[in-house]
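J.: Residue numbers (the UniProt record's numbering): 1 to 234. Backbone N, C-alpha and C define an ideal beta-carbon position, used for all residues, glycine too.
(1) Answer with buried or exposed for residue 132, where buried requires no fewer than 16 other C-beta atoms within 10 angstroms of its C-beta.
(2) Considering just the uninterrupted stretch of the alpha helix (DSSP H) at residue 236, what are its terminal residues?
(3) Compare the beta carbon distance of residue 91 and residue 49 with 8 Å and say whether it is the shorter of the two.
(4) Sort 61, 33, 119, 17 by Cα distance to residue 74 and report the nearest one.
(5) Give the C-beta separation of residue 148 and residue 163 to the nearest angstrom, bearing in mind that I take them to be a contact with Cβ-Cβ under 8 Å.
(6) Taking Cβ positions, are residue 15 and residue 65 nearer each other than 8 Å?
(7) Could you spell out the range, first to last residue, of the alpha helix (DSSP H) harbouring residue 75?
(8) Have a look at residue 128 and residue 158 and give me their C-alpha separation to the nearest angstrom.
(9) DSSP on residue 67, reduced to helix/strand/coil?
(10) Applying the criterion that 16 or more other CB atoms from any shown protein chain within 10 Å of the CB defines a buried residue, is residue 46 buried or exposed?
(11) Can you tell me whether residue 105 is buried or exposed? The criterion is at least 16 other CB atoms within 10 Å of its CB, across all chains shown.
(12) Ordered along the chain, which non-local residues of its own chain (more than five positions away) have a Cβ less than 6 Å from that of residue 230?
(13) Please state whether DSSP places residue 189 in a helix, a strand or coil.
(14) Check whether the Cβ atoms of residue 121 and residue 79 sit closer than 8 Å, and answer yes or no.
(15) Looking at the secondary structure, which residues open and close the alpha helix (DSSP H) in which residue 40 lies?
(16) Give me the Cβ distance between residue 173 and residue 140, rounded to the nearest whole Å; I'm assuming they're in contact under 8 Å.
(17) Which residues in the same chain as residue 152 place their Cβ atom closer than 8 Å to its Cβ, once the five residues preceding and following it in sequence are excluded?
(18) Quick one: measure Cβ to Cβ for residue 166 and residue 202, integer angstroms, because I've assumed they're closer than 8 Å.
(19) How is the alpha helix (DSSP H) around residue 119 delimited, first residue to last?
(20) Residue 197 and residue 59 - do their beta-carbons sit closer together than 8 Å?
(21) Could you tell me the boundaries of the alpha helix (DSSP H) in which residue 157 lies?
The following block contains the structure:
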């Protein structure tokens, strides 16, 4: 959607400004989040990966959608950043809530899948079908359903509600984007703009979950019998 005439200097002002503002907000929220890492280096690094992936994705998206003409390296970075955010979100969850194979093994698997997917998408960028790209994004994201199912069994449904809400927000936004509907406000607010809003909402839910989880982890580190999931079995 070309809205150049609406705000001078921006190709897609709503999409650009919403994600640039979001990048600023989540950058500020990164400081209290990273403080929860304390002296635990693996935890601090996992939280850092999530915070960096979030700010990077929103910043690249905002810059890319603000420029005219678009395309080239920024468009590739914009798409690649989505893969990075997906696995960046999984990283602190598995670092703090799982052990053994379901910690490092699972993270190795999803990072390898993400790197392979974004490599293929970049190599065949001009010929890569849009539907395949959507399937890769959603497929990688919903691999997290395995983790959510385990946490549901272990912690109960209330614990995972922000994870589910975030995943649903991302999914609804992606489906609206692919469908090209609906269109509101004389083509100012369309499916692509709704997708950008859905990304901010989904990220907000996941950020809340990870922040709450990190605080809980700090409060419970003194308990010697704290239970984490070591394998796929109960």
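T.: The short version:
(1) Answer is exposed; the Cβ neighbour count stays below 16.
(2) The structure shown does not extend to residue 236, since the chain spans only 1 to 234, so no value can be given for it.
(3) By the CB criterion at 8 Å, residue 91 and residue 49 fall inside the cutoff.
(4) Among 61, 33, 119, 17, the Cα nearest to that of residue 74 belongs to 61.
(5) Their Cβ separation, rounded to whole angstroms, is 5 Å, which keeps residue 148 and residue 163 in contact under 8 Å.
(6) Taking 8 Å as the Cβ cut-off, residue 15 and residue 65 qualify as a contacting pair.
(7) That run of the alpha helix (DSSP H) goes 72-97.
(8) Rounded to the nearest whole angstrom, the CA to CA distance from residue 128 to residue 158 is 39 Å.
(9) Coil.
(10) In summary, residue 46 is buried, with 16 or more beta-carbon neighbours lying within 10 Å of its beta-carbon over all protein chains present.
(11) Exposed, because fewer than 16 other Cβ atoms sit within 10 Å of the Cβ of residue 105.
(12) Residue confidence is low: residue 230 scores 47 on pLDDT, short of 50, so the model does not pin down where it sits. Its coordinate-derived value is still stated next. So the list reads 99, 100, once near-sequence residues are dropped.
(13) Strand.
(14) Yes, the pair counts as a contact, with Cβ atoms nearer than the cut-off.
(15) No alpha helix (DSSP H) holds residue 40; DSSP gives it neither H nor E.
(16) Going by Cβ atoms, the distance from residue 173 to residue 140 rounds to 15 Å, so no, they are not a contact pair.
(17) Cβ-Cβ distances below 8 Å link residue 152 to 159, 160 in the same chain, with the five nearest sequence neighbours on each side left out; the list follows chain order.
(18) In this structure residue 166 touches residue 202 by the C-beta definition: roughly 4 Å separates them, less than 8 Å.
(19) For residue 119, the uninterrupted alpha helix (DSSP H) run begins and ends at 104-123, by DSSP.
(20) It is not a contact, given that the beta carbons lie outside the stated cut-off.
(21) DSSP places residue 157 in the uninterrupted alpha helix (DSSP H) bounded by 157-179.
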